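The structure under discussion appears below in the form of C-alpha cells.
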Amino acid sequence: MLRPQRNVEFRRLLATAVLGLLAVTGCTSNATPSASVIKIGILSDCQGDFGSFYNDDIGGALAVLAAHYGGKASGAKPQDGMTGAKIAGKDIQIVGIGCSDSTANKAIDETRRLVEQLGADILIGPLSGDEGVAVANYAKTNQPNKTFINGIAGAQEATLKVQAPNFFRFNPDGAQWSAGLGSYAYNKLGWRTAAVIGDDYAFPYTSLAGFIAEFCAIGGNVTKRVWPPLGTTDYSSFVAQMPTNVDGTFVGIGGAGLITFLKQYQQANGTINSKKVMGNLFWIDPQLLKAIGTPLVGAVAANMIAADSTSAQTKAYVQELSVYPDVQKDAASVFTLGYWNAMTALGMALTSVNGDISGNQKALQAALAKVVIDGPYGKVSLDKNRQAIADNWVTQVTAPPAGSNVPGLKTILQIPAVDQTFGGFFDSSSTLDRTNPPCVKKTPPPWVGHEIPVNFG
Amino acid sequence: MLVLFLAGAPSIFDSFTLSQILTKALWLGIAAASLIFLSSYGGMISLGQTGIYAVAGFTMANLVHAAGGRHLGWDPLAATAAGIAVATLFGVLCGAIASRSYGIYFLMITLAISVIVFYFFAQVTTLSGYGGIRSVTPPAVIGNPVINPLPLYYTALAASVLIYAGIRYLARTPFGLALQGIRDDPARMQALGFNVALHRTLAFGVGAFIASIAGILSVWYTTQISPGGINVAQTINVLVIAVIGGLYRLEGAWIGAAVFATIDNYSRVWMPNVGDWLGPSRFETVIGLIFLVIVLASPGGLVGIWESVWARRNRAGRGPTQSSRNPAPETVDAVVDHHEAV
Amino acid sequence: MAPRILLALLGVVVVAWIAYKGGQNGRLFWVVTLNGITLAALFFVVAAGFTLIFGLMRVVNMAHGSLYLLAGYIAFTLQASWYGVSSNLLSGNPATVVAWVVPLVIATVVIGLAGVLMQQVFLRWNQGQDLRQALITIAISVILADQMVAHFGGIAEAIQPPAAWPESVTLFGVHYGFFRLAVVTGAAIAIGGVLFLVIKRTRFGMIIRAGVDDRSMVSALGVNIQVVFAGAFFIGALLAGLAGVLGGTMLAVQPGNDSAFLLDSLIVVIIGGMGSLGGAAIGSLALGLVSSYANVYLSFGTTDLTNYSILLTFILVVAMLAVRPLGLFGRPA
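Pasting the structure below:
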C-alpha cells in the first residue's frame, strides 16, 4: 500500500523537476557559430578581495571597442555591456561578463560558462594570480582551439611554466612589476641586507621574487622572509618578527591587509622611514593610496604604470576611457590597463587577419604573438612564451598637493624592456614559494645599470 | 523511470547544460546525500562532509599526473581507490572523535573538522600545489570531461543511482535499523546493549565513503582542486543544498543540488538589477533567501513541501493518507532534543 | 589520572619552550604577549555576547560575526559622512573624540536593535529548536555577508581613533599601540566587570542565571521570559556591535572578518563553556595567547611551522570538544 503511493508521488515530483529544468534550460540557445560574428567573453572578479576593481577591468576592455571600433555602451556601468562594435567588418558580440571571486574554482566555472555555454570564441581575463594559472591550464588542456588573453593575473607560472600555445599575456607578471627595485635598493639606498614580508600565496611569492632575484643577483642578502598566512587579520605578531637590524624591508602585503599592516608597523616602530622601506605595486594603486595616505611619502615602489606620465600615448589612453568617467579616474590602475592591453592587442590582431577566426583560430593566434602595443607607458611585445616584455617604472610617493590629503606619485626611473626570465634568473623549472628563489649572486638582469631617469614634472 | 530519462538526457539537453548543470547537480547531490544519510538515518547534522571530500580529492590529485602537487604518476583508477580509502579512514577517525557529541556540539565539531582540512591544505602547499592542483588526469574511461562530457555524466549518474540504492538497502540491514534506533533514542539503545558510539562512528565512516566519491567526481568535473574550492563557503553550500532539498529525504540531495546548480548558473544572466541589493553577482543573497525561506517554512525542504502539497490533495480526495516514509521528525530538533540531556 | 599527568607535562613543555624562546629576544616576547592579551580582550567582548545568548536561549547565533562586521561598516560610514574623517592613517580631517564616540554609540545601539529584531522575527517562535535556529542564523549571515560586500565594497577600511589619543605608548622599553593596549583592553575589563555585577548583583542578572539553569521553571515562576530573552539578545548583539567598532579601529573593517570572528567566538565559548562569562574570559585568553605565541614561536631550529598556527588552534578545539564537550565551565541545559 505504501510503496506504490510513494512511487507515484516521487515520480510526479521528479517529472515536475525535470520539466522545470527543461523549461529553464530550453530557453538558452547555444547559437550556431556565424561566420560574421566574433564572440568575446570578459572575465574579472566581482567578489572577493579584488571585487572592487570589477568596473575598472571591464571598462578598460570595453573602452577600446568604444574608442576604435564603434562600440556603444549599453549603460552607465561597464558591466551593462556594449553593442555595435565591429572589427574588420565582423560584428563583435560580448556574450557575457564573468564574475569570479579570486578563487581558481569560480574562475573555471565562469570560464566554462562563457566559453562552453555562451559560446565565446575568445576570452579576456581573468584577474587574480591563482585564477590565471587555472585558466591557462584549462586553455591548454581543454580548449586548444580557442584564444585566451589574460586580464591582469600576475602569477609567473601562468606563462613561464604552463606555456599554453593559446594563452597570451600582454602585461608583465608579478615579478616583472618589481623590476628595478632591487637595484634601486642596493645602489641608490645603499641596502646590503633586507627582510621581506608578503602574504602566503602565489602572487606575493611572484612579486617578492622579482625584488629578491634582482637584489641578490647584484650582491644583496635577504636575511628573513615572513609570510603571514591566509586569513590573517592581525599582523602585529608578524610586524614584531621583522628584524630591525637590516638595512631595509620590502613589503609585499596585498590590498586588504596593507592598511592594517602599516598601522601596526607604525605603532611598533614609529614613523615609517621612507629610506628603509619599499613596496610593490599595491602601494601606488590609486584606490589604495587614497585609503593609506601620507605615511608612505618618500618611499619607493614600482609598477608597469607611470602615473604622472605626460606622453602623447598616455593622453590618448586616458582619452579612450572617457566613455566611462568612473573608470577614467582610475586610468593609472593596473586593473584598467591590463584589460585595456588585452582588448587593444586583440583588436590589432583581428584587424591584421581581417577578422578570420577560422581554422581553429591559428591565424589569429599567430597574429597575436606578433602584436606590439605602443602603450601609454611604453611598448609591449611578447616573448616566445606569449608573455609580455614591457617597461617597468620605479615611482616615488610624494607629499599631497595643496588642499588634498591623497599623496602624489612621481615616476623617477624607467626600466626598459623587462622580460619574464630576468635575464635567465628564472626558467620553466623555477618554483616560487616561501623559500624560493634562493638568494644567490648571479648575472644581474640586463636592465641593471641601464635604468633611465625620467622626470615628467 | 527517472533513471531512464536521465540516461537519455544527453539527447535532449545541449552539452553545456549537461555538463555544467546536470553533472554538477549529480556530484553535489552525492555530497549532500552523505550529509542527508547522516541526518536522516543517524540524526547527525554534519558540516564535515566538505572536509572529507577534500581529503579524497587532494589525495587522488596528488597521486596522478597533474600540474602541481606531488604528481606521482599513478594510474588514475588506483589513485581513485586510494583517495576513497584515505578519506573513508579519515572519516572513521573523525567519527570516533565526534561520536560522543550530539546536536549543536556535533555540528561545531564537524565544522571544526572542515575548517582544519581547509587550513591544512591552504598551508601545506606541497600537497595543495601552491594554489591548486590543475589539469588532473582522469581515468581513460572518462577522457577529457570538457571536450566530451558524456562519460563523466554517465559515471556520475551511475554513482548516484548506486549510492541511493545502497543507502536504502543499508537502512534495512540490522546496522541501519540500529542506527535509526540510536537516532530516535540513544539512551534506550545503550540500555539494550548496543554500542552507540561505535554505531555512530561507523555511520560517519559510511558518510565519509559517500562524500569521498563526491570529492573524486568534483575533481574530474572541475579539472582541478584548490583550497579555495573547499573553504567554509563551500561547507555552507553543501548544507544549504541538503536543507533546500530536504534534510530527511534522501532524494532531496539531488533535488537540492539541481536547484542550486541551476540558480548558480542562470542567476548571472537573469537576475534583475535592483540598486545594490540585487544583481547578477548577488547569487549568494538569492540562495541565502531561498535557504532561509525553506528553513522557516518547511524543514522537510522542497521534497517535504511537495509531499505535503500532494498529501493535502490526496486527503481532499480520498481521506487521510499515512505518511509514506519512515516517520521522519517534524522538526530538526525533535530528534536532537533527546540528546540535550546527555 | 594518566591523561591529566600527560596534559600537565605538555603544559610544562610548552611553557618552558616559550620561556626559552622569550629569553632569547625579550622585546619580541613582550610584544607578542601584549598582542595576545589585547587580541584576547577583543575576543572577550565579542564572545561574551555570543555566550550570553547561547547560555540563556540556547541559540547559536551564527550571524554574530555578521553583526560584528556590520557595526564596523556603520561606524565607518558615519565617521566618514558626518565628520568627514578621511580614511588616511594620520592626516586628513583629524578625528575628534566626538567623531569616534558618536559613531561608536550609534552603531552599537543600531546593532543591538538589529539583534532584537532578528530574534523577534526569526527566533522567537521556534524556541527550543536549536538546530533549526542555527540554520536560520546561518542563512541570515550568508545574506548579510553578500549584501555588505554589495553596499560597502571589498576594500578594507579602518575606523579612525581620535587624533588626540597617542598613537603608541612605551611600556618596559617596548613601543605598543595605545588604542589596542588602553582602549580595547580597558573596554574588555570594564565590560567584564559590568557584566559580572549585572549578572551577580541585579535582579535581571539573577533571572538570567536562573534561566540558564532552568528556563521552564523561571517561566513558571511568573517572570515574563520573553522580555528577558529580548533584553539578553539586545545585550548580546550590543556587545557584538561594540566589538565590531573596537575591532574596526584596532584592525580593519573588511569582508571575511565576519566569519573570522564568528569562528573565534565559537572557539572561545567551546573552550570556556557555553553560557559562562568566566569561561569566555579564560577562553579568550587561551585563544589570544595561543595564536600569538604560535605565530612566532612555532619554529624549531630550521623547521618553521609558524604558518600552521591556525591549524594548532583548531586542533586544540577539536581536542577540547572530544574530551570535554561542555568546555571548562559549561553546564548542560
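Residue numbers (my numbering), protein chains in the order written: chain A, 1 to 457; chain B, 458 to 799; chain C, 800 to 1132. For every residue, glycine included, the Cβ atom is placed at its ideal position computed from N, Cα and C. Treat the numbers as computed from the prediction; the structure is a model and nothing was measured.
Which whole-angstrom value is the C-beta distance of A:V334 and A:L413, which I expect to be below 8 Å? Start at 1 with the first residue of the first sequence, and residue 334 of chain A comes out as number 334. Start at 1 with the first residue of the first sequence, and residue 413 of chain A comes out as number 413. Contact doesn't hold; Cβ gap of about 18 Å is too wide.
Would you report the Cα separation of C:K820 and B:T507, rounded to the nearest angstrom? Taking the third sequence and counting its residues from 1, the one referred to as residue 820 of chain C is at position 21. Taking the second sequence and counting its residues from 1, the one referred to as residue 507 of chain B is at position 50. Spanning the two alpha carbons is a distance of roughly 38 Å.
Three-state secondary structure (DSSP) at A:C216? Along the first sequence, one-based indexing puts residue 216 of chain A at 216. A:C216 sits in a helix when the DSSP states are folded into three classes.
Residues in the same chain with beta-carbon distance under 7 Å from C:N1094, minus the five sequence neighbours each way, listed in chain order, please. Position 295 of the third sequence holds residue 1094 of chain C. Apart from the 5 residues on each side of it in sequence, C:N1094 sits with its Cβ closer than 7 Å to the Cβ of T1105 and S1108 in its chain, given in chain order.
Stretch pair the segment 1007-1025 of chain C + the segment 949-959 of chain C: three plus CB contacts closer than 8 Å: no
Quick one, which residues of the segment 924-947 of chain C are near chain B if we go by CB-CB under 9 Å, in chain order? N925, G927, Q928, D929, L930, R931, Q932, A933, L934, I935, I937, A938, I939, S940, V941, I942, L943, A944, D945 and Q946
Exposed or buried, C:V896, counting other C-beta atoms within 10 Å across all chains shown (16 or more means buried)? Here residue 896 of chain C is taken as the residue at index 97 of the third sequence, counted from 1. When all chains shown are included, C:V896 counts as exposed.
Helix, strand or coil: which one does DSSP assign to A:K384? Numbered from 1 along the first sequence, position 384 holds the residue referred to as residue 384 of chain A. Here A:K384 sits in coil by DSSP.
Out of curiosity, what's the CA-to-CA distance linking B:T778 and B:V766? To locate residue 778 of chain B, count along the second sequence from 1; it is residue 321. To locate residue 766 of chain B, count along the second sequence from 1; it is residue 309. The pLDDT assigned to B:T778 is 41, lower than 50, so where the model puts this residue is not dependable; a value taken from the coordinates is nonetheless given after this. For B:T778 and B:V766, the distance between alpha carbons rounds to 12 Å.
Closer than 8 Å between beta carbons: that is the criterion. Which residues of the segment 33-59 of chain A meet it against chain C? Q47, G48, D49, F50, G51 and S52
Residue range of the unbroken beta strand (DSSP E) whose run includes A:A546: Because chain A in this structure spans residues 1 to 457, residue 546 of chain A falls outside the shown range and cannot be described.
For the segment 89-118 of chain A, which residues have a CB atom closer than 7 Å to at least one CB atom of chain B, in sequence order? C99, T103, A104, N105, I108, R112, R113, E116 and Q117
Can you check whether the C-beta of A:P437 is within less than 8 Å of a C-beta belonging to chain B? Your numbering for residue 437 of chain A matches position 437 in the first sequence. No, A:P437 does not count as interfacial toward chain B.
Roughly how many angstroms separate the alpha carbons of B:L636 and B:L614, rounded to a whole number? Here residue 636 of chain B is taken as the residue at index 179 of the second sequence, counted from 1. Here residue 614 of chain B is taken as the residue at index 157 of the second sequence, counted from 1. Between B:L636 and B:L614, the C-alpha separation is close to 27 Å.
Which residues, in chain order, does the segment 273-292 of chain A contribute to contact with chain C at a C-beta distance below 9 Å? Hits within the stretch, in order: Q287, L288, K290, A291 and I292.
To the nearest angstrom, how far is the alpha carbon of C:S1041 from that of C:V845? Position 242 of the third sequence, counting from 1, holds the residue named residue 1041 of chain C. Position 46 of the third sequence, counting from 1, holds the residue named residue 845 of chain C. Correcting the residue type first, residue 1041 of chain C is Leu in the shown sequence and not Ser. When rounded, the separation of the alpha-carbon atoms in C:L1041 and C:V845 is 8 Å.
Chain B partners of A:D173, CB-CB under 7 Å? Counting from one through the first sequence, the residue named residue 173 of chain A turns up at place 173. Within 7 Å Cβ-Cβ: nothing; A:D173 doesn't reach chain B, min ~14 Å.
Determine the burial state of C:W924: buried for a count of at least 16 other Cβ atoms within 10 Å of its Cβ, exposed for fewer. Position 125 of the third sequence holds residue 924 of chain C. Label assigned to C:W924: exposed.
Count the CB pairs spanning the segment 438-456 of chain A and the segment 210-218 of chain A that are closer than 8 Å, and state whether there are at least three. Touching, yes, given that three or more Cβ pairs across the two stretches are closer than 8 Å.
Beta-carbon separation of A:S428 and A:Q163 under 8 Å? Taking the first sequence and counting its residues from 1, the one referred to as residue 428 of chain A is at position 428. Taking the first sequence and counting its residues from 1, the one referred to as residue 163 of chain A is at position 163. Yes, these two residues count as a Cβ contact at 8 Å.
What does a CB cutoff of less than 6 Å around B:I762 pick up in its chain, not counting 5 residues either side in sequence? For the purposes of this step, residue 762 of chain B is identified with residue 305 of the second sequence, where counting begins at 1. Excluding five sequence positions before and after B:I762, the CB atoms of its chain that fall closer than 6 Å to its own CB belong to S755, given in chain order.
Limits of the unbroken alpha helix (DSSP H) element including A:R225: Along the first sequence, one-based indexing puts residue 225 of chain A at 225. That residue, A:R225, is in no alpha helix (DSSP H); its beta strand (DSSP E) goes N221 to V226.
Using a Cβ-Cβ cut-off of less than 7 Å, list which residues of the segment 679-699 of chain B approach chain A; keep chain order. Hits within the stretch, in order: T679, T680, Q681, S683, G685 and G686.
DSSP puts A:N392 in a beta bridge; with which residues? Reading the first sequence from its first residue, position 392 is the one you call residue 392 of chain A. Looking at the DSSP assignment, A:N392 forms a beta bridge with A:I415.
Could you tell me if A:K161 is buried or exposed, where buried requires 16 or more neighbouring beta carbons within 10 angstroms of its beta carbon? Here the question's residue 161 of chain A lines up with position 161 in the first sequence. A:K161 is buried by the Cβ-count criterion.
How is the alpha helix (DSSP H) around C:H863 delimited, first residue to last? By 1-based counting over the third sequence, the position of residue 863 of chain C is 64. Element bounds for C:H863: H863 to Y882.
Given that a residue counts as buried once 16 or more other Cβ atoms are within 10 Å of its Cβ, and exposed if not, what is C:M1119? Numbered from its first residue, the third sequence carries residue 1119 of chain C at position 320. Buried, since its Cβ has 16 or more Cβ neighbours within 10 Å.
Kindly list the residues whose CB is nearer than 6 Å to the CB of C:G1082, restricted to its own chain and excluding five residues on each side of it in sequence; keep chain order. Within the third sequence, numbered from 1, the residue matching residue 1082 of chain C stands at position 283. The answer, listed in chain order, is V1067, I1070 and G1071.
Could you tell me if C:L806 is buried or exposed, where buried requires 16 or more neighbouring beta carbons within 10 angstroms of its beta carbon? Reading the third sequence from its first residue, position 7 is the one you call residue 806 of chain C. Its Cβ having fewer than 16 others within 10 Å, C:L806 is exposed.
Bridge partner(s) assigned by DSSP for A:D91: Here residue 91 of chain A is taken as the residue at index 91 of the first sequence, counted from 1. Answer is A:V37 and A:K86, bridged to A:D91.
Could you give the distance in angstroms between the alpha-carbon of A:W447 and the alpha-carbon of A:W393? On the first sequence, position 447 is the one that residue 447 of chain A refers to. On the first sequence, position 393 is the one that residue 393 of chain A refers to. Cα-Cα distance, rounded: 12 Å.
Three-state secondary structure (DSSP) at A:G26? Here residue 26 of chain A refers to the residue found at position 26 when the first sequence is read from its first residue. Residue placement at A:G26 cannot be trusted, given a pLDDT of 49 that sits under 50; what the coordinates show is reported in the next sentence. Of the three classes helix, strand and coil, the one that applies to A:G26 here is helix, per DSSP.
If you measure between the beta carbons of B:V543 and B:V512, is that distance less than 8 Å? One-based indexing of the second sequence puts residue 543 of chain B at position 86. One-based indexing of the second sequence puts residue 512 of chain B at position 55. Taking 8 Å as the Cβ cut-off, B:V543 and B:V512 qualify as a contacting pair.
Interface residues of chain B around C:F977 at Cβ under 9 Å? Reading the third sequence from its first residue, position 178 is the one you call residue 977 of chain C. In chain order: nothing, as chain B lies at least about 32 Å away.
Just the Cα atoms here: how many angstroms apart are C:T832 and C:V812? For the purposes of this step, residue 832 of chain C is identified with residue 33 of the third sequence, where counting begins at 1. For the purposes of this step, residue 812 of chain C is identified with residue 13 of the third sequence, where counting begins at 1. Approximately 18 Å between the Cα atoms of the pair.
Output, in chain order, the set of chain A residues within a Cβ distance shorter than 8 Å of C:N834. Along the third sequence, one-based indexing puts residue 834 of chain C at 35. Per Cβ cutoff of 8 Å: D234, S236, S237 and A240.
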